[in-house]
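>
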Amino acid sequence: MPLHRSSLLPNIAALISLLPVALGIAALYSPRTALSNLSFPLPASHESQALADALVRFYSGRNIAIGLTNLLAWYGGHRTVLGSSMIIGTVVAGVDGWASRILLGAGTVEWGHWMFTFLGLALGGGILEWW
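Remember, the working numbering sits 1 above the position in the sequence shown when you count from 1.
#1: For a quick check, are the C-beta atoms of D54 and P32 less than 8 Å apart?
#2: Kindly list the residues whose CB is nearer than 6 Å to the CB of S18, restricted to its own chain and excluding five residues on each side of it in sequence; keep chain order.
#3: Buried or exposed: L16, going by 16 or more other Cβ atoms within 10 Å of its Cβ?
#4: So with Cβ pairs under 8 Å, would you call W75 a contact of chain B?
#5: Under a three-way DSSP split, which group does T109 fall into?
#6: Name the two residues that bound the continuous alpha helix (DSSP H) containing P21.
#7: Whole angstroms are fine: how far does the CA of S7 sit from the CA of A28?
#8: Does the beta-carbon of S40 have 16 or more other beta-carbons within 10 angstroms, so that it is buried, or is it exposed?
#9: Taking Cβ positions, are A14 and I128 nearer each other than 8 Å?
#10: CA-CA distance, L10 and E130?
#11: Ignore the nearest five residues each way along the sequence and tell me which others in G126's own chain have a CB closer than 8 Å to its CB.
#12: Terminal residues of the continuous alpha helix (DSSP H) containing R58?
If you want it as structure tokens, here you go:
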């Protein structure tokens, strides 16, 4: 069976989709730990910390939604939706990497995000039989 027709690529995509769900749930409960894990500086004032906590929770909700969308497409066997969703998710990873680069400088955690851009394109394109 050709690789693009096997269940290997969708299964890898589903496995990778568990990561944003898990990280999103963790960030909901501990936004300061999530900021620290991303090497972002913790705000000093109470008001700034409250804003940072809220923004991390927005980020976590977005990640949970993206991961669950991919998992639902995988579970339902919707290869076109799963492949497309993986490719669309690369926008999120790319912007996250760009934001990290702006805040922390080049050569920092930005590549932790950009790696998922390349991975999402490769998996999504493979699932959609582009290559």
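Beta carbons: idealized from backbone N, C-alpha and C, even for Gly.
Computed from a predicted structure; not experimentally measured.
Reading off the structure:
#1: yes
#2: G68, N71 and L72
#3: exposed
#4: The structure shown contains no chain B, having only a single protein chain.
#5: In the displayed model, T109 falls within coil according to three-state DSSP, outside both helix and strand.
#6: L9 to Y30
#7: 34 Å
#8: exposed
#9: yes
#10: 11 Å
#11: G84, I88 and W132
#12: Start and end: H47 to G77.
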